[in-house]
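As structure tokens, then:
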């Protein structure tokens, strides 16, 4: 606080702090050496799995340990387990990495591990795949909710946006693509400077136009109106101008010359 004199730590306190830090470094290096040795020896035990949890909590960017963790699951934990147990284990992994993402939202390897977990959810429940999409749908639906919460916390997290595109494309039961336009509209209206939301919107429209699901003429008229509103709010915002450039140069420009002139006059 301003105006409050700082009280320096004593030599003893500084020495104790240094010792604690050195002890943490020593423990980290010892744990790293232990796990790399176990990996080399193909140790697929539950003990090794739990040790990877400890290390990844300290260093979530240690991709070699993430790879080892998945190898333990594939070679040690999955084989003796029932599909229900495998689904439960993967659900625990997703919960663990959700907590990790809250602390480290831009660590790629956490997102990557979640992707692997989702892709390994077994079919079921039910006998003979009676409910083929049951577990998968539940996990993928929950994943979309998680990524939306992450984007609520940081609307410009490009890793989260990329992951959202992956989730939407991979869900066992696809959502209507038009629903993503509603989502991006909400994000853009909250913050016109959200480049990632504009970019996502361009991808959705390209797909819908290519498939013939939406009328390009009507869509572009509405999009130019959205762009006009954004330009009124902040005429110098680069995100809006980049989206405008995409609209004009997308190769599917059906908008009238008069509407273009109106848009340009708005920007001046």
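Residue numbers (this note's numbering): 603 to 870. Each residue gets a CB set at the ideal place from its N, CA and C atoms; glycine is no exception. None of the values given here were measured: they were computed from a predicted structure.
Next item on the list: Report the three-state DSSP secondary structure of residue 653 (helix, strand or coil).
Entry: The answer is helix: DSSP assigns residue 653 an H, G or I state.
Check: Roughly how many angstroms separate the alpha carbons of residue 813 and residue 774, rounded to a whole number?
Finding: A straight-line Cα-Cα distance of about 20 angstroms links residue 813 and residue 774.
Notebook entry, point to check: Does the beta-carbon of residue 819 have 16 or more other beta-carbons within 10 angstroms, so that it is buried, or is it exposed?
Noted result: The C-beta of residue 819 has fewer than 16 other C-beta atoms within 10 Å across all chains shown, which makes the residue exposed.
Notebook entry, point to check: Is residue 726 helix, strand or coil by DSSP?
Noted result: Note: residue 726 maps to coil in three-state DSSP.
Checklist line | Coil, strand or helix - residue 642 by DSSP | finding: Shown here, residue 642 sits in a helix according to DSSP, grouped into three states.
Next item on the list: Return the CA-CA distance between residue 616 and residue 746, expressed in angstroms with no decimal places.
Entry: Taking the straight line from one Cα to the other gives about 46 angstroms.
Notebook entry, point to check: CB-CB under 8 angstroms to residue 657, same chain, minus the five flanking residues each way: which ones, in chain order?
Noted result: 630, 633, 634, 637, 664 and 667.
Check: Does at least one heavy atom of the ligand SAH sit under 7 angstroms from the Cβ of residue 739?
Finding: Absence of the ligand SAH from the depicted structure is noted, as is the absence of any ligand whatsoever, leaving it without description.
Notebook entry, point to check: Since residue 797 is in the alpha helix (DSSP H), which residue starts that stretch and which ends it?
Noted result: Note, residue 797: alpha helix (DSSP H), 797–812.
Check: What's the gap between the Cα of residue 554 and the Cα of residue 833?
Finding: Lying before the first or after the last residue shown, residue 554 is absent from the chain, which here runs from 603 to 870.
Checklist line | DSSP three-state assignment for residue 750, whether helix, strand or coil | finding: If DSSP states are grouped into helix, strand and coil, residue 750 belongs with the helices.
Margin query: Tell me which residues share the same chain as residue 653 and place their Cβ nearer than 6 angstroms to its Cβ, disregarding the 5 neighbours each side in the sequence.
Written below: Excluding positions up to five away in sequence, the list reads 637.
Margin query: Suppose contacts are defined by Cβ-Cβ distances below 8 angstroms. Is residue 724 in contact with residue 674 by that definition?
Written below: No. Outside cutoff.
Notebook entry, point to check: Between which two residues does the alpha helix (DSSP H) containing residue 761 stretch?
Noted result: Here the alpha helix (DSSP H) through residue 761 covers 760–772.
Checklist line | Selected residue, minimal CA-CA separation from residue 720, among 744, 614 and 837 | finding: Minimum Cα-Cα distance from residue 720 among the listed residues 744, 614 and 837 corresponds to 744.
Next item on the list: Look up residue 823 in the DSSP assignment and say whether it is helix, strand or coil.
Entry: If DSSP states are grouped into helix, strand and coil, residue 823 belongs with the helices.
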